[in-house]
Each structure stands twice: as C-alpha cells, then as structure tokens.
Amino acid sequence: AQSVAQPEDQVNVAEGNPLTVKCTYSVSGNPYLFWYVQYPNRGLQFLLKYITGDNLVKGSYGFEAEFNKSQTSFHLKKPSALVSDSALYFCAVRDMTGANNLFFGTGTRLTVIP
Amino acid sequence: GAGVSQSPSNKVTEKGKDVELRCDPISGHTALYWYRQSLGQGLEFLIYFQGNSAPDKSGLPSDRFSAERTGGSVSTLTIQRTQQEDSAVYLCASSLGGLVSETQYFGPGTRLLVL
Chain A
35 AQSVAQPEDQ
45 VNVAEGNPLT
55 VKCTYSVSGN
65 PYLFWYVQYP
75 NRGLQFLLKY
85 ITGDNLVKGS
95 YGFEAEFNKS
105 QTSFHLKKPS
115 ALVSDSALYF
125 CAVRDMTGAN
135 NLFFGTGTRL
145 TVIP
Chain B
21 GAGVSQSPSN
31 KVTEKGKDVE
41 LRCDPISGHT
51 ALYWYRQSLG
61 QGLEFLIYFQ
71 GNSAPDKSGL
81 PSDRFSAERT
91 GGSVSTLTIQ
101 RTQQEDSAVY
111 LCASSLGGLV
121 SETQYFGPGT
131 RLLVL
C-alpha cells in the first residue's frame, strides 16, 4: 500500500534562511513523487515531481527536492526563504501497482518570519 | 479555460439536503479526479474518471456520494442527505491522459459547510 508521511505539522524559518520540508514515502514499486503548495482559500498548485533520472528535481519558485531511494525520502528545499513562501505544502506519491489516485501526506504549514 | 474551474466556491446547506458540486477540467484532459480535504487532514481520494472507461469509485465514503461525467468533460459530484461530517473542501483535478507520471492540476475547490 502507498503512504506518505510529513513528520512536521509546522515549520518556521527566518526570511533569507534555507528551508526544508520533510517527506517520506512507502510504495510497492518505483515511486512517482510530487510536491504541491496550497495558499489560503486556494486549490493546490503543482511545484515539482520526480519520475525518473536525476535525483535532484528543480521546480517552480526556486524550490527543489531530492529523491533518496535508500531513505525513501523526498524532502522539499529552497536555499533562501521568502515571506511569500508561507503556505501549506503537500507531498504526494503514486506507483505502478494500480491505484489511480495520488496519496497525500497530511501537509506541513510553512511560516517564513520576516 | 486555462485551468480547472469549480463551482460553487462555497456552499452552505442544512443537514439532510442534497448538494451538487461541479468541476470543469482543463480542455483536452481525459482524466478527472475528485478529492476531499477535511480540516487538519490530507487529501482523500473519492473518484476517478478516465475517458469512457468505468469510473474508479473506490474512494467514495458511502452510497450517499455519487459522481458523473458527461461527454467526457464536466463532472458533477452529488452528495445526498448531507451530514455534518461531509463538511470539507472538495477538490477536483484533471490530467492529460491519466498516466501515473502525469501531473494532476487542481481547481480552487468548493468549500462545503453542512449545518
């Protein structure tokens, strides 16, 4: 069965500092991993995904994520946080074993402090 | 349109009433998904449509929930005899062809409040 864990409900970081939002996953086969961001009263916006190839994936708004197969992790990172990055971040996974949907973590609320 | 649209954006209803939520996917996208986001929880899959294939209803929480997709485009999610625990944000997403690696693009959601 597929599952995603986001161990931190809340992450606070000072503006200009690097940020990390953690995600670990469990799947039966090869994973397809996604990060989405949700701003207040908005739907989910796609940030980036890992399908295959280079373990470091670059996405929108300066975000990147590193796929680590041995640690079953896909942490989201940004070198320098902006106040406008404050939002709710979701990690999601799919694999090839038959489920049609994405499996989402419970989300991590990122607050960037000016 | 440029993105997935949903209507209404907000819906307040009384317990026991039926509600219909609408989703208009990105033009040309054959795959359509409904998810539910409850307060403090992640997204819960409800139903999936792909082209003319039979929908995957495995995520529907009860027989009060149903959905249809007419003409391979617009979808309607119907909740009959609403209960307070149905209060949530209902999100619709679409993707080009339903492949596992494809990005799902989400609409802004319908916020449902059952009094």
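Chains as they are written, first to last, in my numbering: chain A, 35 to 148; chain B, 21 to 135. Quick reminder that beta carbons are idealized off the backbone N, C-alpha and C, glycines included. All of these numbers come straight from a predicted model, not from anything done at the bench.
Anything in chain B within Cβ reach of R128 of chain A, meaning under 7 Å, just list it in chain order.
-> Taking the first residue of the first sequence as position 1, residue 128 of chain A is located at position 94. Under the 7 Å cutoff, chain B gives V120.
Given a cut-off of 8 Å, decide if A35 of chain A and G139 of chain A are closer than it, judged by their beta-carbon atoms.
-> What you label residue 139 of chain A is simply residue 105 of the first sequence in a count that begins at 1. What you label residue 35 of chain A is simply residue 1 of the first sequence in a count that begins at 1. In this structure, A35 of chain A does not lie closer than 8 Å to G139 of chain A by Cβ.
Classification of G117 of chain B by the beta-carbon crowding that lies within 10 angstroms, buried from 16 upward = In the second sequence, counting from the first residue as 1, residue 117 of chain B sits at position 97. Counting Cβ neighbours within 10 Å, G117 of chain B comes out exposed, since fewer than 16 surround it.
Nearest chain A C-beta to Y110 of chain B closer than 8 Å, yes or no?
-> Position 90 of the second sequence, counted from the first residue, corresponds to residue 110 of chain B. No, no contact with chain A.
Taking only the alpha-carbon atoms, compute the straight-line gap between N89 of chain A and F101 of chain A and give it to the nearest angstrom.
-> Start at 1 with the first residue of the first sequence, and residue 89 of chain A comes out as number 55. Start at 1 with the first residue of the first sequence, and residue 101 of chain A comes out as number 67. One C-alpha to the other measures close to 5 Å.
Is it a yes or a no for the region 91 to 103 of chain B touching the region 120 to 132 of chain A, going by three-plus beta-carbon pairs under 8 Å?
-> no
From B:G36, B:Q124, B:T33 and B:L41, pick the residue whose C-alpha is nearest to that of Y110 of chain B; which is it?
-> Locating residue 110 of chain B in the second sequence gives position 90, where the first residue counts as 1. That would be B:L41, whose Cα lies nearest to the Cα of Y110 of chain B.
So which residues on chain A does D44 of chain B lean against when the C-beta distance must stay under 7 Å?
-> Sequence index remark: in the second sequence, residue 44 of chain B carries index 24 (1-based). Per Cβ cutoff of 7 Å: no residues; D44 of chain B is ~13 Å from chain A at best.
Can you name the residues of chain A whose CB is closer than 7 Å to the CB of F65 of chain B?
-> The residue you call residue 65 of chain B lines up with position 45 of the second sequence. The contacting residues are N135.
When the Cα atoms are used, what is the spatial distance from F69 of chain B to P148 of chain A?
-> Taking the first residue of the second sequence as position 1, residue 69 of chain B is located at position 49. Taking the first residue of the first sequence as position 1, residue 148 of chain A is located at position 114. Taking the straight line from one Cα to the other gives about 44 Å.
Under a three-way DSSP split, which group does Y73 of chain A fall into?
-> Within the first sequence, the letter at position 39 stands for residue 73 of chain A. Coil.
Min CB distance G79 of chain B to chain A below 8 Å | Mapped onto the second sequence, residue 79 of chain B falls at position 59. Cβ-Cβ to chain A under 8 Å: yes for G79 of chain B.
Beta-carbon contacts of Y70 of chain A that lie in its chain and below 7 Å, excluding the five residues immediately before and after | Walking along the first sequence from the start, residue 70 of chain A turns up at place 36. Answer for Y70 of chain A: L78, Q79, F80, L81, F124 and A126, listed in chain order.
Would L122 of chain A pass as a contact of Q44 of chain A if the rule is Cβ separation under 8 Å?
-> In the first sequence, the residue the question calls residue 122 of chain A occupies position 88. In the first sequence, the residue the question calls residue 44 of chain A occupies position 10. Contact flag unset, no.
Nearest to Y53 of chain B by alpha carbon, out of B:Q61, B:V120 and B:S29?
-> Taking the first residue of the second sequence as position 1, residue 53 of chain B is located at position 33. Comparing Cα positions, the closest option is B:V120.
Ordered list of alpha helix (DSSP H) runs contained in the region 100 to 140 of chain A, each at least 4 residues | none
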